[in-house]
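So the protein sequences, as listed, match chains L and A. So for the first sequence, the working numbering puts the first residue at 3; every next one is plus one. So for the second sequence, the working numbering puts the first residue at 3; every next one is plus one. Structure record follows, encoded as structure tokens.
Number of protein chains: 2
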Amino acid sequence: MSKKRSIRIGLLGFGVVGQGVWKNIEKNRLALEYRLGTQLEITQVVVKDASKAREVLVPSGSYSEDPARVVDNPAIDIVCELMGGTSKALELTRRALEQGKIVVTANKALICEHGEELFEIARRNGGHYFYEASVAGGIPIIKTIREALVANRFKLIFGILNGTSNYILTRMEREGLSFDATLGDARKLGYVEADEALDLDGIDAAHKAVILAYLAHGKWVKLEEIICEGIREITGEDIEIAGQLGYKIKLLAVIARDFEANKLSVRLHPALISKKEVIAGVDEVYNGVSVTGDVVGTTVLIGRGAGQDATSSSVISDIADAVFMLQGGASAVISEEDEATHQILADGLELALGDELIGRYYLRIYVRDEEGVLAKISDILAKEHISFATVNQKELEDGTAKLMVTTHMSSEAAITRAIALLNGESSVIGAPVSFRIFDPGN
Amino acid sequence: MSKKRSIRIGLLGFGVVGQGVWKNIEKNRLALEYRLGTQLEITQVVVKDASKAREVLVPSGSYSEDPARVVDNPAIDIVCELMGGTSKALELTRRALEQGKIVVTANKALICEHGEELFEIARRNGGHYFYEASVAGGIPIIKTIREALVANRFKLIFGILNGTSNYILTRMEREGLSFDATLGDARKLGYVEADEALDLDGIDAAHKAVILAYLAHGKWVKLEEIICEGIREITGEDIEIAGQLGYKIKLLAVIARDFEANKLSVRLHPALISKKEVIAGVDEVYNGVSVTGDVVGTTVLIGRGAGQDATSSSVISDIADAVFMLQGGASAVISEEDEATHQILADGLELALGDELIGRYYLRIYVRDEEGVLAKISDILAKEHISFATVNQKELEDGTAKLMVTTHMSSEAAITRAIALLNGESSVIGAPVSFRIFDPGN
């Protein structure tokens, strides 16, 4: 099969990432084209508003508001969907894949919500859907799990998949700032998505966890089925107390498979994690993923999780893989579209319920500062067979006290019931807050 | 092109890694074969001594002492060279590549010494030479640099590439043990290569640095041309003092490219590195590599650098890539054999001499414990425009003293000259020891 002398790329969307792809292909074009053995041409750029001023200038002939010039254009070899969102992007991705095209995307929300359908369309029509940039920006986690660790089955994948929340937690820790003060700064720096729930309520990272769960285990999990808790409840004092106990508080994605019970736990929540873990040292806007394979052991990848350049680096690596696929005339990568593979991986696999979790917990409870209150709280927890590992009591000025405790091993169900009991207790003020303590060896 | 229903693999060598490849293909055979869309058969295993008892049992018909049954066998699709060494392995790899075969290897010494010739033979004959397992065991550093970060040029790659020396340094640090005591333990655990210079004098890690330099920059560097210093000079007290100053001492491989001057520095030596760097936290037998690309920023990969399972995980991932190459009928990976690419990457690139290094240094100097000796040492260094950043003087029982100092920025040439001057100074006992302080931002 003769190789194409030129590969034509169409961009849907020309915002931060789209312009980054353009800019960075230009930057290292010579080395890149030699490596790929072909020329790369971005021949079409489709935007919502062509009159809007943009940093990167594109020849006017290739610039339009008409997605058909990319999606339905037989001259386009690779479609890059970098517009975001889940309605128009869904329609266009579907249309491109139906025509057997190769689509490269950074759209985690779209894959999370419609991946099952889109991979199926790609499979049926001989197209392919690449998505390295959708999880952890510049970190090659998709390629690593899919190709480099192909010999493995994955007991545990966990990590930090949202840079904005990690930035907020890092500054709270280092500077003793409140959540609100740090959030204000993060907003000013443009780190927070327009829809703040994506960053602050863990939804963005949960999208990515769902994608990794599918990649590693062949099972589509719905966002509504999993624990998804953000960082809004975390106070500076929680971070401080955790620090004294040897922990950091991080917003963790956890994808844990119990091969014996054939259960899969996918979740996204803040957790105390020992400072000795490499992932605990991943600070600021960095992301980090720890992958434990049954052959390779534990491998950790750390890098920039977002931003124009890191994300476009991953988009360009997908374009490179797409080029090899186009030139080779056959699927050069292990295909997520392959139904049989995923049936094998996911055979009989069931989703674990949050209630089935077992571990240690951190609880923060406000109480009336009266005699015997600690004993009372302790008695309530004992009813659920929960015992204290550490206790930190702090008197507040208004006649109340703050209890910050960690527990010995307990079930999540027991913690949930204990919190309900605490809520009904007159000495307890407001709702107790609990965070899981995550131990990768557990 | 029709796909093969079965891919036949021949193993040259059936030691730790060879048996690991066999065992781990068996372990996850079902998922692996579904992912690859083909069956994997290890049909030939060639060993030096077929009568030797081995843990993994192989059907007797596929077991022999005759390498021709792998290398010259048209029924073998993929040759895995896992025998090690650089004489017989060179001959057989050459012969296999001359026949246009795909060879997968874990043999860093062979690539370091003969890679230029072997890649050239592969290129000329349409074969391919895969080597993920040769650098950093289970860490997918080759695939990451070659494919995932294809959009990038690499200003800096550095890290820990030898697990045994890292294990020794970690135990010296944590337990305050001497080098000799820790080495004894490492020997007992079977961590040290039969040729101890490979681990202790940095040669093994230097082999890997040479490979990474070629991969990232297209330039073959000779081992004799680069700084290669091992860990034998490091004492427990060096580690302790470094720790007090906020550093760890690690055996680092450094591949730094100055794009403006078009110079490449490749080196392997112990260095003080700030504890704040992720790589400084890579302890025990783990390896870690930090890659700074001009698009993606810094990405760090950490994992097991050696051992049967980690290494065979990488061999199997190369086998998987080889399968896709065989099935696709075209090169599915970015080819190291492509001369033009490497000419572009390495165009005009010159190797930097050790003397050109600039940085801060740690010096340990034994002196006669007499009045004014610190001033005298300080004067000698001042002649080379070297000034102290920190000084630690310790009186010893025999009327001598130990000076442990760090310097401000200096050139390596000045340090070398200063050490020569110190050697000629009557107050100085024995030869001063110096370690570089590595600052990735510098």
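From the three backbone atoms N, C-alpha and C, an ideal C-beta is built for every residue, glycine too. It should be emphasised that the depicted structure is a prediction, and the values quoted were computed from it without experimental measurement.
*Would you decide whether residue 387(L) is buried or exposed? Buried here means 16 or more other CB atoms lie within 10 Å of its CB.*
exposed
*Give the DSSP-derived three-state secondary structure of residue 260(L) in the structure shown.*
strand
*Pull out every residue of the region 251 to 284 of chain L whose Cβ sits closer than 7 Å to any Cβ of chain A, in chain order.*
280, 283
_Looking at the ligand HEM, does it come within less than 8 Å of residue 68(L), judged from the CB to the closest heavy atom?_
The model depicted lacks the ligand HEM and carries no ligand whatsoever.
*Is residue 149(A) closer than 9 Å to residue 142(L) when the C-beta atoms are compared?*
yes
*asked:* Need the endpoints of the alpha helix (DSSP H) that residue 126(L) sits in, please.
replied: 110 to 127
*Is any beta-carbon of chain A found at less than 9 Å from that of residue 125(L)?*
no
*Taking the Cβ atom as the reference point for each residue, do residue 151(A) and residue 298(A) lie within a distance shorter than 9 Å?*
yes
*Counting pairs of beta carbons, one from the region 407 to 414 of chain L and one from the region 359 to 373 of chain L, are three or more of them closer than 8 Å?*
yes
*Consult DSSP for residue 90(L) and reduce its assignment to one of helix, strand or coil.*
helix
*Consider the Cβ of residue 191(L): report whether some Cβ of chain A lies at a distance smaller than 9 Å.*
no
*Output the distance between the C-alpha atoms of residue 13(L) and residue 296(A), rounded to the nearest integer angstrom.*
22 Å
*For residue 60(A), collect the residues of the same chain with a Cβ closer than 6 Å to its Cβ; drop the 5 residues on either side in sequence, then sort them by chain order.*
47
_Which of helix, strand or coil DSSP assigns to residue 16(A)_ = coil
*asked:* Quick check: the region 219 to 227 of chain L against the region 166 to 178 of chain L, are at least 3 beta-carbon pairs closer than 8 Å?
replied: no
*Under a three-way DSSP split, which group does residue 186(A) fall into?*
helix
*Compare the C-beta of residue 182(A) against all C-beta atoms of chain L and say whether one is closer than 9 Å.*
no
*asked:* Residues of chain B with CB closer than 8 Å to the CB of residue 154(L), please, in chain order.
replied: Absence of chain B from the displayed structure is noted, the protein chains being L and A.
*Using only alpha-carbon positions, find the residue among 369(A), 261(A), 179(A) that is nearest to residue 237(A).*
179(A)
_Taking the straight line between their C-alpha atoms, what separation do you get for residue 310(A) and residue 398(L)?_
57 Å
*At 4 residues or longer, and completely inside the region 131 to 187 of chain L: list those alpha helix (DSSP H) runs for me, N to C.*
165 to 177
*Check whether residue 137(A) and residue 163(A) have beta carbons under 9 Å apart*: yes
*Report yes or no: is there a C-beta of chain L within less than 9 Å of the C-beta of residue 10(A)?*
no
*Using a Cβ-Cβ cut-off of less than 7 Å, list which residues of the region 129 to 150 of chain L approach chain A; keep chain order.*
140, 141, 142, 145, 146, 149, 150
*Please state whether DSSP places residue 332(A) in a helix, a strand or coil.*
Interpretation of residue 332(A) is limited by its pLDDT of 49, a score under 50 that renders its predicted location unreliable; no figure is taken from the coordinates.
*asked:* Using the three-state DSSP reduction, which class does residue 34(A) fall into: helix, strand or coil?
replied: helix
*asked:* If distances are taken between C-alpha atoms only, which option among 255(A), 307(A), 245(A) comes closest to residue 278(A)?
replied: 245(A)
*Taking 9 Å as the CB-CB cut-off, is residue 44(L) touching chain A?*
no
*Name the chain A residues whose beta carbon is nearer than 9 Å to that of residue 167(L)?*
What residue 167(L) touches in chain A: nothing, since even the nearest Cβ is about 19 Å away.
*asked:* Can you give me the C-alpha to C-alpha distance between residue 94(L) and residue 73(L), rounded to a whole angstrom?
replied: 7 Å
*Near-chain A residues of the region 290 to 305 of chain L - C-beta to any C-beta below 8 Å*: 295, 296, 297, 298, 299, 300, 301, 302, 303, 304, 305
*asked:* Measuring only the C-alpha atoms, how far is residue 182(A) from residue 139(A)?
replied: 26 Å
*Measure from the alpha carbon of residue 284(A) to the alpha carbon of each residue in 71(A), 265(A), 252(A), then state which is nearest.*
252(A)
*If we count Cβ pairs, one from each stretch, closer than 8 Å, do we get three or more for the region 34 to 50 of chain L versus the region 5 to 24 of chain L?*
yes
*So which residues on chain L does residue 214(A) lean against when the C-beta distance must stay under 9 Å?*
Under the 9 Å cutoff, chain L gives no residues; its nearest Cβ is about 16 Å from residue 214(A).
*State buried or exposed for residue 215(A), treating a residue as buried only when at least 16 other CB atoms are found within 10 Å of its CB.*
buried
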